[in-house]
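Following: one structure in C-alpha cells, then a few remarks.
Number of protein chains: 2
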Amino acid sequence: MKIICNKNDFSKAINIVLKAIPTNTTMPILNCILIDASFGEITLTANNMELGIKTVMSGEIVTPGKIAIEAKFLADLVRKLPENEITLETDDNFSTKITSENSVIDVPSKEGADFSYLPDVEKDNCVAISHFTLKEIIRQTAFSIGINESNKILTGELFEISDNNKFKVVSLDRFRASIRKITLADDYAPMKSIIPGKTLNEISKIISDDTDNDVKMYFTRNHVLMEFDETTVVSRLIEGEFMDVNQMISKMYNTKVNINRKELLEAMDRSTLFVKESDIRPVILTIKDGTININIESTTGKMNENLSVEMEGQDIKIGFNPKLMIDTLRVIDDETVSLYFINAIAPCTIKNDNEDYIYLVTPINF
Amino acid sequence: MKIICNKNDFSKAINIVLKAIPTNTTMPILNCILIDASFGEITLTANNMELGIKTVMSGEIVTPGKIAIEAKFLADLVRKLPENEITLETDDNFSTKITSENSVIDVPSKEGADFSYLPDVEKDNCVAISHFTLKEIIRQTAFSIGINESNKILTGELFEISDNNKFKVVSLDRFRASIRKITLADDYAPMKSIIPGKTLNEISKIISDDTDNDVKMYFTRNHVLMEFDETTVVSRLIEGEFMDVNQMISKMYNTKVNINRKELLEAMDRSTLFVKESDIRPVILTIKDGTININIESTTGKMNENLSVEMEGQDIKIGFNPKLMIDTLRVIDDETVSLYFINAIAPCTIKNDNEDYIYLVTPINF
Chain R
1 MKIICNKNDF
11 SKAINIVLKA
21 IPTNTTMPIL
31 NCILIDASFG
41 EITLTANNME
51 LGIKTVMSGE
61 IVTPGKIAIE
71 AKFLADLVRK
81 LPENEITLET
91 DDNFSTKITS
101 ENSVIDVPSK
111 EGADFSYLPD
121 VEKDNCVAIS
131 HFTLKEIIRQ
141 TAFSIGINES
151 NKILTGELFE
161 ISDNNKFKVV
171 SLDRFRASIR
181 KITLADDYAP
191 MKSIIPGKTL
201 NEISKIISDD
211 TDNDVKMYFT
221 RNHVLMEFDE
231 TTVVSRLIEG
241 EFMDVNQMIS
251 KMYNTKVNIN
261 RKELLEAMDR
271 STLFVKESDI
281 RPVILTIKDG
291 TININIESTT
301 GKMNENLSVE
311 MEGQDIKIGF
321 NPKLMIDTLR
331 VIDDETVSLY
341 FINAIAPCTI
351 KNDNEDYIYL
361 VTPINF
Chain F
1 MKIICNKNDF
11 SKAINIVLKA
21 IPTNTTMPIL
31 NCILIDASFG
41 EITLTANNME
51 LGIKTVMSGE
61 IVTPGKIAIE
71 AKFLADLVRK
81 LPENEITLET
91 DDNFSTKITS
101 ENSVIDVPSK
111 EGADFSYLPD
121 VEKDNCVAIS
131 HFTLKEIIRQ
141 TAFSIGINES
151 NKILTGELFE
161 ISDNNKFKVV
171 SLDRFRASIR
181 KITLADDYAP
191 MKSIIPGKTL
201 NEISKIISDD
211 TDNDVKMYFT
221 RNHVLMEFDE
231 TTVVSRLIEG
241 EFMDVNQMIS
251 KMYNTKVNIN
261 RKELLEAMDR
271 STLFVKESDI
281 RPVILTIKDG
291 TININIESTT
301 GKMNENLSVE
311 MEGQDIKIGF
321 NPKLMIDTLR
331 VIDDETVSLY
341 FINAIAPCTI
351 KNDNEDYIYL
361 VTPINF
C-alpha cells in the first residue's frame with residue numbers, strides 16, 4: 001500500500017478513531033488503527049469489540065492495500081510531524097515507512113488481515129437528531145450513568161421512542177436519575193435500546209455543535225450504528241430491560257421552591273469544602289418563610305447561608321450529598337429551577353414545567 | 001481582629017503567599033497563612049522555614065489583630081465566594097468567621113502568635129533587575145537545576161556578580177549545565193550566592209512580565225530577600241562553594257554547525273517516540289557534507305532525518321539523550337543556534353556569539 005495525505009487530515013482522522021482504542025487490553029491488534037486503501041477510499045478504523053469507529057480521510061491512493069498501526073504511537077508521531085504532505089508506504093513484510101519532508105520513519109505495524117472489521121448492522125430504521133441536540137442530551141444525562149455497577153444495565157443509558165415522535169433518554173445510578181425528553185421532527189416506530197455509557201462519552205467528544213446536520217442512528221437488537229460526517233460508529237447495546245422510571249416519578253409534592261440556579265449551585269459548591277472522604281456530611285436545606293437555609297457542619301468548620309426563594313406548600317428540612325446536587329444543577333441551562341419535595345426521605349425532583357428534563361436526587365438521612 | 005476586603009484582592013494575595021506553603025509537613029502551623037492586621041496594614045504571610053512570602057493587601061481594618069488560617073482551605077473558600085466584599089472576624093478563642101453576601105462560614109484557624117515571622121534580613125546591598133529579566137533568566141536556566149541530588153549544591157542555582165556589573169546565573173546537574181549572563185545597569189560589589197531551585201521556581205510564578213519595574217534583591221550570608229510590588233520573599237541560601245563552571249567550558253572546538261533551532265527541536269522531539277523507560281536509546285547525529293543526519297533505532301521502530309546546516313571543521317558522529325537537547329533548545333529564543341563539538345565524548349556546547357547563554361550537554365556513548 002502507498003498513500004499520500006495531508007498531516008492535518010491524517011491527524012483529525014486518527015483522533016476520531018482513537019476514541020475506540022481500549023485503555024488496556026491483552027490483544028495487541030485492538031491497540032491498532034487499521035488504515036485501509038483497498039476499496040478506492042482511505043478509511044481508518046479502530047474497534048475494541050464493544051465500540052468501533054470508522055472514518056474516511058481524503059488523500060491519494062498510489063497503491064491499494066491495508067495495514068494495522070499501533071494507534072497511540074501513530075497519533076503521537078503524526079502530531080509531531082510538520083504541517084505538510086505525508087507519504088505512508090508498506091512493504092510485503094507489513095512494515096510501514098512514513099515520509100514527511102526530511103524525515104523517514106519506520107513505524108510498528110501488523111498485517112491488516114488480522115484486524116476485525118466493524119460488524120454489519122442493518123440500516124433499516126433511521127432516527128435522525130442534530131449533532132447539537134445529541135451532544136446536549138448526552139451532556140445533560142451522562143453524569144448519572146452508573147460506574148462500576150454490578151448491575152450492567154445501570155452502566156448504560158436508555159434511548160426510547162414512543163408515541164411516534166417522543167424521544168426519551170434516561171440514566172440512573174443508586175442515588176439519582178436523569179430524564180431528558182425531546183420531540184423528534186419525524187415519526188418513528190416505538191423502540192427501546194440501552195447504549196453503554198462509555199460509547200456515549202466517547203461519541204460526544206467527536207460529534208460537533210452543529211445544529212444543521214444530523215447524526216443518523218440505526219438500532220438493531222444488539223447494535224446501534226451512528227453515521228455523521230465521514231464517520232461511522234458501531235456500538236454493542238446492553239441487553240436487558242431498563243428500570244421503569246415512570247414508577248419513580250410522582251406528580252405529587254408537598255413543597256415547591258423556585259430558586260436562582262447559579263446562586264444555589266455556588267452555595268452547594270462552597271458546602272463541598274466541608275465534606276471529606278473520611279467525614280461525609282450532608283448539607284442541610286431548611287425551607288421556610290420564603291427562605292432556603294443551607295447549612296453544613298463538619299470537623300473542618302461550618303457554613304450557614306440564606307437564599308430567598310419563591311415557595312409553595314409546607315416547610316421542610318432535608319439533607320443531601322452536595323456533589324449530587326452540583327452535578328445536576330450544572331447541566332441545567334435555565335436561570336431559575338424548580339425543586340419539588342414530598343418529605344425528608346423521598347427523592348427531590350428538579351424539573352421544568354414542560355418536563356423536558358426531570359432529575360431525581362435521593363436525600364441523605366441525617 | 002476584624003477586617004473588610006474585596007474578594008479579588010484577597011484571592012490574589014492568598015495565591016501569592018500560597019507558593020510558600022509546603023506540600024507536606026508534620027507541623028500544622030506551616031500549612032497556615034498568617035493574616036496580620038496589627039500594624040496598620042493587612043499582611044498575609046506563609047513560611048515553610050526555607051522560603052517565606054509576605055504580601056500586603058488593601059482593605060479596611062475595623063479591629064487590629066492577627067490569625068493563622070489553614071492555607072489550602074482558605075484559598076478554595078475564597079475562590080468559591082461571590083465577587084464581593086468579604087468580612088473576616090475572629091473571636092477570643094481564635095476561631096474565625098468569614099461573611100460574604102448571604103454566607104457565614106466558620107473556618108479552621110489557629111492563634112497567630114504560633115506563627116514564625118520571616119527572618120530579619122539586612123537590606124544593605126540592593127541588586128535591582130526588572131521582573132521580566134529575572135523571570136527570563138530563571139526560565140532559561142532552571143530546567144537544569146538538579147532534582148533529588150545527594151549533592152545539595154546541585155539543587156540550587158548560582159547567582160554571581162563580578163567585574164562591577166556582570167551578572168551570571170549557573171545551574172547544572174550530572175548531565176548538563178546552563179549559564180546565562182547579563183550586564184546590569186548599575187555597578188555592584190562582587191558576590192556569589194546559591195539560591196534553592198524551589199525558591200526560583202516558586203518566585204518565577206509570582207513575578208510579572210513587567211519590563212519597567214524592578215525586583216530588588218538583597219543578599220546576606222544565609223538569606224536572599226526579594227522585594228517587588230507589595231510582596232517580600234525571603235529564602236535561605238544553600239551553603240557551600242559552587243562548581244567552577246569556567247573549567248568546564250572550552251573555547252576550542254573541532255566542529256561548529258549553525259542550524260535552524262525549530263527544525264532541530266522538532267526532529268529531536270519526534271525522536272523521543274523511540275525512547276522508552278525500558279529501552280533508552282541515544283539519538284545519533286552525523287554531521288558531514290553540510291548536513292546533519294538524525295537517526296534513532298529502537299524496538300519501537302526507527303527514524304532517519306536530514307537537515308541542512310552551515311558547517312565548519314571536521315565531520316563528527318555523536319549520540320545524545322534527545323530529552324536533554326529538547327530542554328535546552330526550548331528555552332533559546334534565537335532562530336538559528338550554534339552547536340560546537342570537540343569529539344564524540346566531550347560535552348556539546350550551544351551558545352551565541354556574545355556568550356549571553358552557554359549550554360553544555362553531555363553526549364551518550366553508543
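As given, the protein sequences belong to chains R and F, one line each in that order. The first sequence begins at 1 in the working numbering and counts up one residue at a time. The second sequence begins at 1 in the working numbering and counts up one residue at a time. Cβ atoms here follow ideal geometry from the backbone N, Cα and C, with glycine treated the same way.
Of all residues in the stretch 101-124 of chain F, only Asn102, Ser103, Val104, Ile105, Asp106, Val107, Pro108 come within less than 8 Å of chain R when Cβ atoms are compared, listed by chain position. If the five residues before and after asparagine 48 of chain F are omitted, its C-beta is found closer than 6 Å to the C-beta atoms of Ala20, Pro22, Leu30, all from its own chain and listed in chain order.
Among the CB atoms of chain F, none fall inside 8 Å of the CB of proline 322 of chain R. Valine 275 of chain R sits in coil when the DSSP states are folded into three classes, being neither helix nor strand.
The C-alpha of arginine 270 of chain R lies about 11 Å from the C-alpha of phenylalanine 73 of chain F. The shortest C-alpha to C-alpha distance from threonine 183 of chain R to any of R/Gly197, R/Val127, R/Ser144, R/Phe175 is the one to R/Val127. Nearest C-alpha to methionine 57 of chain R among R/Arg261, R/Phe10, R/Tyr340, R/Ile195: R/Phe10.
In this structure, isoleucine 194 of chain F sits away from isoleucine 259 of chain F, with a CB-CB distance that is not shorter than 8 Å. Taking 7 Å as the cut-off between beta carbons, the residues of the stretch 288-312 of chain F near chain R are Thr300, Gly301, Lys302, Met303, Asn304, Glu305, Asn306, Leu307, in sequence order. Interface flag for glutamate 266 of chain F against chain R is set, since a Cβ pair is found closer than 8 Å. In the three-state DSSP reduction, leucine 118 of chain F falls in the coil class, being neither helix nor strand. Only those residues of the stretch 59-90 of chain F whose C-beta falls short of 9 Å from the nearest C-beta of chain R are listed: Glu70, Phe73, Asp76, Leu77, Lys80, Leu81, Pro82. Interface criterion not met: the Cβ of arginine 221 of chain R is under 8 Å from no Cβ in chain F. Taking one beta carbon from each stretch, the stretch 87-104 of chain R and the stretch 136-146 of chain R have fewer than 3 pairs nearer than 8 Å; the two do not touch. If you check the CB distance, alanine 71 of chain F and leucine 18 of chain F come in under 8 Å.
For phenylalanine 320 of chain R, the three-state secondary structure derived from DSSP is strand. Ranking F/Met303, F/Glu310, F/Glu297, F/Gly301 by CA distance to the CA of aspartate 289 of chain F puts F/Glu310 first. The continuous stretches of alpha helix (DSSP H) do not include glutamate 310 of chain F, which lies in the beta strand (DSSP E) extending over residues 310-313. Within the stretch 41-127 of chain R, the runs of alpha helix (DSSP H) that reach at least 4 residues and sit entirely inside it are, in chain order, 71-80. A Cβ-Cβ contact shorter than 8 Å links leucine 118 of chain F with glycine 52 of chain F. Residues of chain F with a Cβ closer than 7 Å to the Cβ of aspartate 269 of chain R are, in chain order, Lys80. With three or more CB-CB distances shorter than 8 Å, the stretch 328-341 of chain R counts as touching the stretch 249-256 of chain R. In the structure shown, the three-state DSSP call for glycine 197 of chain F is helix. Boundaries of the alpha helix (DSSP H) around lysine 7 of chain F: 7-17. Lysine 181 of chain R sits close to aspartate 356 of chain R, with the two beta carbons spaced by under 8 Å. The C-beta of leucine 273 of chain R comes closer than 8 Å to at least one C-beta of chain F. For threonine 25 of chain R, the closest C-alpha among the options R/Ile42, R/Leu34, R/Thr231, R/Glu50 is that of R/Glu50. One alpha carbon belongs to alanine 113 of chain R, the other to glutamate 263 of chain R, and they sit about 58 Å apart. Shortest Cα-Cα distance from isoleucine 203 of chain R to any of R/Gly319, R/Ala185, R/Leu225, R/Asp186 involves R/Leu225.
Taking the Cα of glycine 313 of chain F as reference, the smallest distance to any Cα among F/Ile287, F/Thr299, F/Glu297 is reached at F/Ile287. By the CB criterion at 8 Å, leucine 329 of chain F and arginine 176 of chain F fall outside the cutoff. In the displayed model, alanine 177 of chain R falls within a strand according to three-state DSSP.
Per DSSP, reduced to three states, the secondary structure at lysine 135 of chain F is helical. Each residue's CA atom was taken as its position, placing proline 282 of chain R and glutamate 83 of chain F some 26 Å apart. Glycine 301 of chain F counts as buried, since at least 16 other C-beta atoms from the protein chains shown sit within 10 angstroms of its C-beta.
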